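Using the numbering used here, the letters of the sequence shown map in sequence onto residues 253 to 319.
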Amino acid sequence: MQVHIKNTWSWWFRLFFLLLLFWLFLLLLFLSCRLFLCFFLCFFLCLFLWLGFSLRLFLFCFLTHLL
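Printed below as a string of structure tokens:
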């Protein structure tokens, strides 16, 4: 039962943090195009990490896509 509660809090924390990044994402979208592009990449990097992908796997797929 404790594991279920812990997973629920983790899910709510991820949802809250995702919404927070989404609003920052919109804010930077209106501030500057250059800042928008930087934050866009950071936002999706964090999103992939939340979904369970490792940083190494993400970078490998990103670099192989560029090459």
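Note that the Cβ used here is the ideal one computed from N, Cα and C, for glycine as well.
Remember, it's a predicted structure, so these values are computed and weren't measured experimentally.
Taking buried to mean at least 16 other C-beta atoms within 10 Å of its own C-beta, is residue i buried or exposed?
i	result
residue 293	exposed
residue 312	exposed
residue 280	buried
residue 282	exposed
residue 268	exposed
Considering only C-alpha positions, which residue in the set the options is nearest to residue i?
i	options	result
residue 270	290, 283, 297	297
residue 289	276, 316, 315	276
residue 299	315, 264, 273	273
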